[in-house]
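FYI, in our numbering the residues of the sequence shown are 273 to 377. Don't be surprised by glycine CBs; every beta carbon is placed ideally from N, CA and C. Below is one structure, written out as structure tokens, with a few remarks after it.
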Amino acid sequence: MPSIALAEPRGFRRSPLLEDARSRYFMITSNNGENVVKSVQHNVWATQRKNEQKLNDAFRTSSSVILIFAVNKSGAFQGYARMRSYIGRSTCRSDPFRGFGRLFD
Numbered sequence: 273m274p275s276i277a278l279a280e281p282r283g284f285r286r287s288p289l290l291e292d293a294r295s296r297y298f299m300i301t302s303n304n305g306e307n308v309v310k311s312v313q314h315n316v317w318a319t320q321r322k323n324e325q326k327l328n329d330a331f332r333t334s335s336s337v338i339l340i341f342a343v344n345k346s347g348a349f350q351g352y353a354r355m356r357s358y359i360g361r362s363t364c365r366s367d368p369f370r371g372f373g374r375l376f377d
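Pasting the structure below:
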């Protein structure tokens with residue numbers, strides 16, 4: 273099948289993050305869509321302890337860490353965000369996830 277080149281719309285600016293080889297990307301999955309909504313509403317996320325070291329290492333050594341959110345078995349992506357703090361160092365004063373994991377911005 274021949275490949276089709278897609279033209280970018282007029283005025284479109286590609287994110288410099290895509291051009292930076294030091295950017296890291298991670299897929300973050302949630303068991304339910306409610307958690308993704310909470311993260312957007314409160315500007316905060318929580319993850320399981322098993323993910324903390326990998327995400328913190330990437331945050332420390334990369335120019336940026338991009339998290340791509342999906343709900344398990346949804347067959348779609350729900351959004352993305354740029355990690356702004358180490359895990360456990362959130363500026364959020366409340367815990368919308370009720371102790372699921374340590375918070376981060």
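Helix, strand or coil for G351 per DSSP?
Indexing the sequence shown from 1 puts residue 351 at position 79. G351 falls in the strand class under three-state DSSP.
Counted within 10 angstroms of its Cβ, other Cβ atoms place R341 as buried (16 or more) or exposed
Here residue 341 refers to the residue found at position 69 when the sequence shown is read from its first residue. The sequence as given places Phe at residue 341; Arg does not occur at that position. With 16 or more other Cβ atoms within 10 Å, it is buried.
Judging by CA-CA distance, which residue of D377, G305, Q313, I276 is the nearest neighbour of Q348?
Here residue 348 is taken as the residue at index 76 of the sequence shown, counted from 1. It is Ala, not Gln, that sits at residue 348 in the sequence shown. Selected option, being the one with the closest Cα: G305.
Own chain residues within Cβ distance below 6 Å of A330, not counting five before or after
To locate residue 330, count along the sequence shown from 1; it is residue 58. Closer than 6 Å at the Cβ level, and outside the excluded window around A330, lie R296, V337.
Taking the alpha-carbon positions, what's the S335 to G283 distance?
Within the sequence shown, residue 335 is the residue found at index 63, counting from 1. Within the sequence shown, residue 283 is the residue found at index 11, counting from 1. Linking S335 to G283 through their CA atoms gives a straight-line distance of about 26 Å.
With F284 as the anchor, note down where its beta strand (DSSP E) starts and where it stops.
Within the sequence shown, the letter at position 12 stands for residue 284. That residue, F284, is in no beta strand (DSSP E); it is neither H nor E in DSSP.
On the DSSP letters alone, give me the boundaries of the beta strand (DSSP E) that T301 sits inside.
The residue labelled residue 301 in the question sits at position 29 within the sequence shown. Taken as a continuous stretch (DSSP letters only), the beta strand (DSSP E) holding T301 covers 295-302.
Would you check if the segment 313-329 and the segment 287-294 touch, i.e. whether three or more CB-CB distances between them fall below 8 Å?
no
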